[in-house]
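Peer 1: Residue numbers 1280 to 1413, in the working numbering, belong to the letters of the sequence shown in order.
Every residue, glycine too, gets a C-beta built ideally from N, C-alpha and C.
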Amino acid sequence: MIGRGEIDADLVAYCSRNVFVIPTLMQRENNPGHTLVLPLAHVTALHAAPRDLLQEVFEVIARVSSAVKIAYQAVGSTITQNNDIPGQVLHHLHVHVVPRFDGDEFQMPDPQVSEAPRDVRLKRASLLRRSLEL
């Protein structure tokens, strides 16, 4: 679990000195490839992050946004970030990159989201890794 500092290295699609990319545990069938971009250092919220870290996080987000279009033939992506909202379970800065498709009926929060098995997330991490070219 990311919040406890437990990261399954096989699921990491990209990792730099400060930032890593991993498929989300909770996936929506109509939006395969939903990905998180996170700093390695524990930062609780966007407003608490140092400027240089934010710069790197958002540079990686831009790359991931392009990569999910390639990896999943998505038409675009939705990028979201939440701070201190009710129901938040991961109190560590993270940014969602959600591949978007025509007619996908995407919404957040999403009642259709479900936990993806590890093998599905491993395949998604591998596909994203090949498409990232970082």
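Enumerate in chain order the residues of its own chain whose CB-to-CB distance from M1280 is below 7 Å, with the five nearest sequence positions on each side excluded.
Peer 2: Residue confidence is low: M1280 scores 44 on pLDDT, short of 50, so the model does not pin down where it sits. Its coordinate-derived value is still stated next. If we look at M1280 and ignore the five residues flanking it on each side, it has no Cβ neighbours.
Peer 1: Let me know the beta strand (DSSP E) ranges lying completely inside the region 1314-1377, each 3 residues or longer, listed in chain order.
Peer 2: 1314-1318 and 1355-1359
Peer 1: Where does S1405 fall in DSSP's three states?
Peer 2: helix
Peer 1: Ordered along the chain, which non-local residues of its own chain (more than five positions away) have a Cβ less than 6 Å from that of I1301?
Peer 2: L1290, V1291 and L1315
Peer 1: Identify whether R1379 lies in helix, strand or coil by the three-state DSSP scheme.
Peer 2: It is a strand residue.
Peer 1: From this set, A1320, R1307 and N1309, which residue's C-alpha is nearest R1296's C-alpha?
Peer 2: The shortest C-alpha separation from R1296 is found at A1320.
Peer 1: What does V1300 pair with, by DSSP beta-bridge criteria?
Peer 2: The bridge partners DSSP lists for V1300 are Y1293 and V1316.
Peer 1: Mark N1310 as exposed unless 16 or more other C-beta atoms lie within 10 angstroms of its C-beta, in which case mark it buried.
Peer 2: buried
Peer 1: From I1286, T1357 and A1404, pick the residue whose C-alpha is nearest to that of E1384; which is it?
Peer 2: T1357
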